[in-house]
Structures are given as C-alpha cells and as structure tokens.
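Step one of this worksheet: look at the structure below.
Numbering (the UniProt record's numbering), first residue to last: 1 to 158.
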C-alpha cells in the first residue's frame with residue numbers, strides 16, 4: 001500500500017500521448033520503429049526499446065492489411081495425365097531432343113504480362129518465346145508456332 005502512495009510520476013506520460021496520436025493518425029499501421037522515427041523527427045529523444053515497451057503497455061498493436069489472394073484458374077485434372085516420358089531427367093544428349101516450357105506471370109504497373117518460353121534441355125538455350133496479356137491457349141499456340149520454325153526434320157519431346 002505504501003508503494004502505491006509514494007509511486008513516482010510517470011516520466012513517459014507525455015510520450016505515451018504522442019505515441020497514441022501518431023498511431024491514430026496512421027490508422028495503427030505504424031510499428032514501434034516507425035513511431036520512434038516520427039518521434040525523433042519531431043525532436044523527442046527516446047530509445048526505440050522504450051517506445052516498444054510503452055506500446056506494449058498501452059496495448060497499441062499494428063493492424064496489418066490483408067494480402068490479396070492470387071487468382072488461380074486451376075480446377076484440377078480434367079483429362080488423365082500423360083505418362084512421364086522425361087522422368088525428371090532434364091538433360092539431353094543432343095540439341096532439339098527435349099524442350100521444356102512454362103508460363104510465368106509478371107506484374108507490370110497496373111497490369112500483368114505472361115511469358116511462355118520454350119527451352120532446349122541440351123544447352124538451356126531459349127528456342128522461342130511468346131508474351132501475352134492473358135495466360136490462354138493463344139499464348140501457347142503462338143510459342144509453339146514460333147518454335148516450329150527452328151526445327152530441321154527433328155521432333156523433340158515437349
């Protein structure tokens with residue numbers, strides 16, 4: 001009981017108020033480090049660890065924005081899968097024996113681009129590629145047509 005009567009005044013009372021103001025102004029998206037940086041720029045010298053402790057005592061927690069889920073059009077296997085001819089052996093003895101392809105998505109400014117390269121397993125050289133705004137059959141057809149022009153009486157595994 002005596003300890004409570006003779007308790008020292010809180011030397012961080014003014015900083016607690018400033019921390020609350022900064023957190024509310026920024027919709028509780030600032031963590032202890034960013035709040036500490038704002039306090040430093042406003043001329044209030046205090047340790048970052050003190051800011052972290054005061055935020056914990058005042059129950060100020062950061063509200064994280066939910067991340068957007070990536071769109072996936074995958075609905076499962078529609079047709080039975082083909083047999084695995086390559087069997088994870090991605091090395092070829094000569095050029096144009098085994099070709100690999102994939103579709104890669106790139107986020108560019110306000111849109112997305114899709115790249116479909118055809119790669120030769122012999123030397124890793126890009127045989128052909130196609131670029132499109134949509135990952136559809138046209139993208140793959142364009143890539144296959146452009147790769148067929150490089151063939152000379154050879155039929156590779158694709």
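Heads up, the beta-carbon is just placed ideally off N, CA and C, and yes, glycines get one too.
With fewer than 16 other CB atoms across the displayed protein chains lying within 10 angstroms of its CB, residue 94 is exposed. Under the DSSP assignment, residue 41 falls outside any beta strand (DSSP E), being part of the alpha helix (DSSP H) whose first and last residues are 32-41. Around the beta-carbon of residue 54, 16 or more other beta-carbon atoms lie within 10 Å, marking it buried. Counting C-beta atoms within 10 angstroms of its own C-beta, residue 128 has 16 or more neighbours from the protein chains shown and is therefore classed as buried. Per the DSSP secondary-structure output, residue 143 pairs with nothing in a beta bridge.
The C-beta of residue 83 has fewer than 16 other C-beta atoms within 10 Å across all chains shown, which makes the residue exposed. Per DSSP, the unbroken alpha helix (DSSP H) holding residue 54 starts and ends at 48-57.
Non-local C-beta neighbours of residue 101 in its own chain, meaning closer than 8 Å and more than five positions away in sequence, comprise 116, 117, 118, 119, 140, 143 and 158, ordered along the chain. The beta-carbon distance between residue 22 and residue 38, rounded to whole angstroms, is 5 Å. This is short enough to meet the 8 Å contact definition. According to DSSP, residue pairing for residue 135 in a beta bridge does not occur. Rounded to the nearest whole angstrom, the CA to CA distance from residue 122 to residue 146 is 19 Å. C-alpha of residue 136 to C-alpha of residue 99: approximately 20 Å in a straight line.
Inter-residue distance for residue 59 and residue 43 is about 24 Å (C-alpha atoms, whole angstroms).
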